[in-house]
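A.B. asks: I have a structure I would like to understand better, so I am pasting it below and will then ask my questions one at a time.
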Amino acid sequence: MGGGPAATAAVAAAKLGAQVDFIGRVGDDDTGNSLLAELESFGVNTRYTRRYQDAKSSQSAIMVDAQGERIIVNFPSPDLLPDADWLNEIDFSQWDVVLADVRWHEGAKRAFTLARLQGVMTVLDGDITPQDISELVALSDHAAFSAPGLARLTGIKDTDAALKQAQTLTNGHVYVTRGSEGCDWISNTLLQHQPGFTVDVVDTTGAGDVFHGALAFSLASGTPQAEAVRFASGVAALKCTRPGGRAGIPDCDQTRSFLSLFV
């Protein structure tokens, strides 16, 4: 099945009712065909996805334990060129928000640069990666990190201290997702906390990706920050109740019904 941080975030936003385009790179192999077909089946437009001839697509193996926790072993294809100059041909003013992950650094940097030139909101999925993502954080209006990604960026183990350090890298907003413990963020120099929602966890695969997609959707809709974090947390929690990274992603009505149970 299809995966990838920004791609699964795109599916989440589409299921919530947004019109979504995915910009990315795949090979012209069976895997690439399957990835694009699945995105289209979820209502994600792939017109801006570049397919490389005679190239392998990136793949991952995911192992899930009885508690729903997962380990991901990734194979990034060496055939997909890092060049992002072709993004200059895309009109970024057509979107309300651009979300990027850190898997394709050059693409994320170019997309955020072009989006900001058009006054378009940028949201970063700051997961763990070998590269220094400081310049991506600086280009972000909203940088939402995984706890390992935040620790890798700052070199600080204490999450609160690391989040405060990350805030010095950007004029935007910073967040950190902490799985079942919820999400922390900084608002007006003060640390804020959204507790996690209790659900029967089947599979946590893609939960962070879904959170990012729902957060971007909410913020682009004009939702206040705290409410957007709560909404995204609810969407991510519901995703975890079904196996796979995308099957359990709820729509807006399902999410609001779920959140109404928690006052």
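In this text, residue positions in the sequence shown follow our numbering: the first is 7, and each later residue adds one.
A virtual CB, placed ideally from N, CA and C, is assigned to each residue, including glycine.
Whole angstroms are fine: how far does the CA of PRO84 sit from the CA of ALA220?
C.D. replies: Here residue 220 corresponds to residue number 214 of the sequence shown, with the count starting at 1. Here residue 84 corresponds to residue number 78 of the sequence shown, with the count starting at 1. Each residue's Cα considered, the two are about 31 angstroms apart.
A.B. asks: Between which residues of its own chain and GLN124 is the CB-CB distance below 7 angstroms, once the five residues before and five after are set aside?
C.D. replies: Sequence index remark: in the sequence shown, residue 124 carries index 118 (1-based). If we look at GLN124 and ignore the five residues flanking it on each side, its Cβ neighbours are PHE98, SER99.
A.B. asks: Using 8 angstroms as the cut-off, can you tell me whether the region 141-150 makes contact with the region 40-48, which would need three or more C-beta pairs spanning the two stretches below that distance?
C.D. replies: The answer is no - the region 40-48 does not touch the region 141-150, with fewer than three Cβ pairs under 8 angstroms.
A.B. asks: Considering ALA149, what are the terminal residues of the beta strand (DSSP E) in which it resides?
C.D. replies: Position 143 of the sequence shown, counted from the start, is the residue given in the question as residue 149. Note, ALA149: beta strand (DSSP E), 148-152.
A.B. asks: Relative to the alpha-carbon of THR165, which residue among THR176, ASN177, LEU175, SER152 has its alpha-carbon at the smallest distance?
C.D. replies: Within the sequence shown, the letter at position 159 stands for residue 165. Measuring from the Cα of THR165, the nearest candidate turns out to be SER152.
A.B. asks: Determine the direct distance from the alpha carbon of ALA24 to that of ALA226, and round the result to whole angstroms.
C.D. replies: The residue given as residue 226 occupies position 220 in the sequence shown. The residue given as residue 24 occupies position 18 in the sequence shown. ALA226 and ALA24: Cα-Cα distance of roughly 10 angstroms.
A.B. asks: In whole angstroms, what separates the C-alpha of ARG262 from that of LYS245?
C.D. replies: Within the sequence shown, numbered from 1, the residue matching residue 262 stands at position 256. Within the sequence shown, numbered from 1, the residue matching residue 245 stands at position 239. Their Cα atoms are separated by approximately 14 angstroms.
A.B. asks: Once DSSP output is grouped into helix, strand and coil, what is the label at GLY132?
C.D. replies: Taking the sequence shown and counting its residues from 1, one reaches residue 132 at position 126. If DSSP states are grouped into helix, strand and coil, GLY132 belongs with the strands.
A.B. asks: Would THR160 be called buried (16 or more neighbouring beta carbons within 10 Å of its own) or exposed?
C.D. replies: Within the sequence shown, the letter at position 154 stands for residue 160. Counting Cβ neighbours within 10 Å, THR160 comes out buried, since at least 16 surround it.
A.B. asks: So LEU156 and GLY132 are in contact, right, with Cβ under 8 angstroms, and what is the actual spacing, rounded?
C.D. replies: Position 150 of the sequence shown, counted from the start, is the residue given in the question as residue 156. Position 126 of the sequence shown, counted from the start, is the residue given in the question as residue 132. Correct: roughly 7 angstroms between the Cβ atoms.
A.B. asks: On a CA-only basis, which of ASN80, GLY212, PHE203 is nearest VAL235? Give me that one, please.
C.D. replies: Within the sequence shown, the letter at position 229 stands for residue 235. For VAL235, the nearest C-alpha among the options comes from PHE203.
A.B. asks: Contact between the region 101-113 and the region 66-79: three or more CB pairs below 8 angstroms?
C.D. replies: Segments in contact, no.
A.B. asks: To which residues of the same chain is PRO88 closer than 6 angstroms at the C-beta, ignoring the five residues directly before and after it?
C.D. replies: One-based indexing of the sequence shown puts residue 88 at position 82. Contacts found: GLU112.
A.B. asks: For ALA242, which residues from the same chain have a beta carbon less than 6 angstroms from its beta carbon, with the 5 sequence-adjacent residues on both sides left out?
C.D. replies: One-based indexing of the sequence shown puts residue 242 at position 236. Closer than 6 angstroms at Cβ, skipping near neighbours: ALA213, VAL216, PHE217.
A.B. asks: Within its chain, find whatever has a CB closer than 7 angstroms to the CB of CYS258; leave out the 5 residues flanking it on each side and keep chain order.
C.D. replies: Here the question's residue 258 lines up with position 252 in the sequence shown. Within the same chain, CYS258 has close Cβ partners LEU22, GLY23.
A.B. asks: Keeping to the same chain, check which residues put their C-beta closer than 8 angstroms to that of PHE118; ignore five residues upstream and five downstream.
C.D. replies: In the sequence shown, the residue the question calls residue 118 occupies position 112. Closer than 8 angstroms at the Cβ level, and outside the excluded window around PHE118, lie VAL104, ALA106, THR128, LEU130, LEU142, LEU145, SER146.
A.B. asks: Select from TYR58, GLY254, HIS199, THR52 the residue whose C-alpha is nearest the C-alpha of ASP209.
C.D. replies: In the sequence shown, counting from the first residue as 1, residue 209 sits at position 203. When each option's Cα is compared against that of ASP209, the closest is GLY254.
A.B. asks: Which residues bound the alpha helix (DSSP H) around PHE48?
C.D. replies: For the purposes of this step, residue 48 is taken as residue 42 along the sequence shown, with counting starting at 1. Note, PHE48: premise wrong, no alpha helix (DSSP H); not H, not E.
A.B. asks: How about LEU169 and VAL182: are their beta carbons less than 8 angstroms apart?
C.D. replies: Within the sequence shown, numbered from 1, the residue matching residue 169 stands at position 163. Within the sequence shown, numbered from 1, the residue matching residue 182 stands at position 176. Yes; because the gap between Cβ atoms is below 8 angstroms, this pair is in contact.
A.B. asks: Using 10 angstroms around the beta-carbon of THR52, count the other beta-carbons present and answer buried if the total reaches 16, otherwise exposed.
C.D. replies: As a working mapping, residue 52 is identified with position 46 in the sequence shown. Counting Cβ neighbours within 10 Å, THR52 comes out buried, since at least 16 surround it.
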